[in-house]
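Everything on this sheet refers to the single structure shown next.
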Amino acid sequence: MFDGKEAMDLLLAHGTKTEQASTERALENVRRLVQRNRQHSGIERSSAQPRPVRSVGIIGAGMMGSALAAIHVKRNLPVVITDTDPRVLEGAEDRIVEELSHEMRGGEIPGDEAPAAQPRQLVKRLVHPTTTEAVFSQCDLVIESILETLPAKRKLYARFEPHLNDRAILASNTSTIPIGQLVEGLANPDRFCGLHFFHPVRRRPLLEIVCGGQTGDVAIATAVAHAKAIDKMPIVVDDGPGFLVNRLLIPYLAEALEYINAWRQSTPDNPTGICGPIGPTAQLPLVARLVNELDLNVKDAHFWGMDEWLEDGEPVPTDHPLSFARGDKELCFDRIRPELCMPEAHLHFPTGDLEGYSKTYDEVRCVVMQGGQGEVKHWAFNDPPKRQGQYTDAPPPPKEYCKLKTRVTDLHPMTIIQNARTS
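For the sequence shown, our numbering begins at 7 and goes up steadily by one.
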């Protein structure tokens, strides 16, 4: 089996140096942005103060609603939850317990609850399933998480808003519907905003807080403060198509659909080429899973591994722990159903025969070539200086590293072949 840990140990043993000046600067910038985000109230030029959130209401007890309940229960906050489907509401406790088990794994429970407390005990104590709208009057924040349809959401708000107290914030977990459309008909649009959580909630820190044209500063300040209290990273965005994240995501989804269509239309005479710009990654099993679930027939496609681990200038054999060919096959291609997967002859990995590797591009002549080399500041072209003096046995700390000059290296012939074919 391809052993990622063994591969990493060997990389370290070979003295591979991965701290790059540009990467360090990028990470430092991210750190500063995160720090600024933690200190920012989310509203500019306003003295509005957030209202305390002592209890939370959740409308919609499905997968997302249960996950939202779990992150609040973990922080010892009482939760009122409802659903129009009695069967969904009945199963909410089990879903919340399952989510909470993941949330609590490896950590302690805040507050006065003992770390050894069982998730089900917490859920029974803090979660109140109900079919009565009036119970939501005790909630400081009510989050709607139902079907992504405008009529259904408006109908629900008309039912619940009259029962909310005069300080409660009503929020929608919508990912696409404009806030300006959702607030039509509301008595208090200033106390409404978008709270777009990302799935899976327990693993995604980002939280979009969407400010509609009538959303008040207090609502935004409360939403931001609450997001931080439940360990989320809030970003406040104006109302608009797709808000921010989906607006950025859609072009990538469209490109992915183009790739899928190219795979489906691939034929022996007009094959699709796929270039793997890096070695094995943890995403490869997901690629295999998606190919299987979508029934994507890639038998006529070709794959080129663009890199291979070199030892003394030569590609390592496939039985080597660092072999990219071995890793790509075991993590991806061997997991694709045989009736869908491209044959062995369509998998092209660099070997010592560089001329033969180069010819594979010419012989196949793909009608579409997907993938390619990474960013132009790739470390292969902006290499760190050779270790010498005090750095012979250990790399310099990041701050010292950023001050060091870099050296331009001669490109390996294999790199030249790959770039000439795929750039």
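Built from N, CA and C at the ideal position, the CB exists for glycine as well.
Pairwise C-alpha distance: residue j and residue i
i: Pro135; j: Met70; result: 15 angstroms
i: Asp237; j: Leu292; result: 28 angstroms
i: His202; j: Leu254; result: 15 angstroms
i: Ser364; j: Ser272; result: 22 angstroms
i: Gln55; j: Leu83; result: 21 angstroms
i: Ala235; j: Phe249; result: 23 angstroms
i: Arg197; j: Leu147; result: 10 angstroms
i: Arg131; j: Ser61; result: 13 angstroms
i: Glu345; j: Val297; result: 11 angstroms
i: Glu336; j: Asp325; result: 12 angstroms
i: Leu259; j: Pro321; result: 35 angstroms
i: Arg42; j: Ala231; result: 14 angstroms
i: Gly282; j: Ala73; result: 35 angstroms
i: Thr88; j: Gln127; result: 19 angstroms
Beta-carbon proximity list for residue i, same chain, < 6 angstroms, skipping 5 on both sides
i: His169; result: Glu139, Ala140, Phe142, Ser143
i: Thr228; result: Pro56, Arg57, Ile175
i: Phe204; result: Arg210, Leu212
i: Pro195; result: Val189, Gln220
As assigned by DSSP and simplified to three states, the class of residue i
i: Ala177; result: strand
i: Ile5; result: Because the chain spans 7 through 429 in this model, residue 5 falls outside it and cannot be assessed.
i: Phe142; result: helix
i: His205; result: coil
i: His308; result: strand
i: Val382; result: Confidence at Val382 is low in this model, with a pLDDT of 34, below 50, so its placement is unreliable and no value can be given for it.
i: Ile215; result: strand
i: Val133; result: strand
i: Ile183; result: coil
i: Gly97; result: coil
i: Ile152; result: coil
i: Gly68; result: coil
i: Val79; result: helix
Proximal residues to residue i (C-beta, below 7 angstroms), its chain only, five neighbours per side dropped
i: Glu109; result: Ala76, Ile77, Lys80, Arg208
i: Ala294; result: Cys338, Arg341, Ile342
i: Val129; result: Val79, Glu99, Ile102, Val103, Leu106
Sequence-distant residues of its chain with Cβ nearer than 8 angstroms to residue i (five each side left out)
i: Arg270; result: Leu302, Asn303
i: Asn252; result: Ser181, Thr182
i: Gly246; result: Pro184, Arg253
i: Asp244; result: Val216, Cys217
At a cut of 8 angstroms, does the segment 187–201 reach the segment 152–167 through at least three beta carbon pairs? Verdict: yes, contact present.
So, do the segment 298–306 and the segment 265–281 have three or more beta carbon pairs nearer to each other than 8 angstroms? Judged by Cβ distances under 8 angstroms, the segment 298–306 makes contact with the segment 265–281, as three or more pairs qualify.
Would you be able to state if there are at least three C-beta pairs under 8 angstroms between the segment 73–85 and the segment 157–176? A contact is defined here as three or more CB-CB pairs under 8 angstroms, and the segment 157–176 fails this definition with respect to the segment 73–85.
Is the number of C-beta pairs between the segment 256–270 and the segment 93–106 that are closer than 8 angstroms three or more? These segments do not touch.
Counting only runs that start and end within the segment 316–370, where is the alpha helix (DSSP H) found for 4 or more residues in a row? Listed in chain order, they are 330–337, 360–370.
Which residue spans inside the segment 219–302 form an unbroken alpha helix (DSSP H) run of at least 4? For the segment 219–302, whole alpha helix (DSSP H) runs of length 4 or above, ordered along the chain, are 223–235, 251–270, 290–299.
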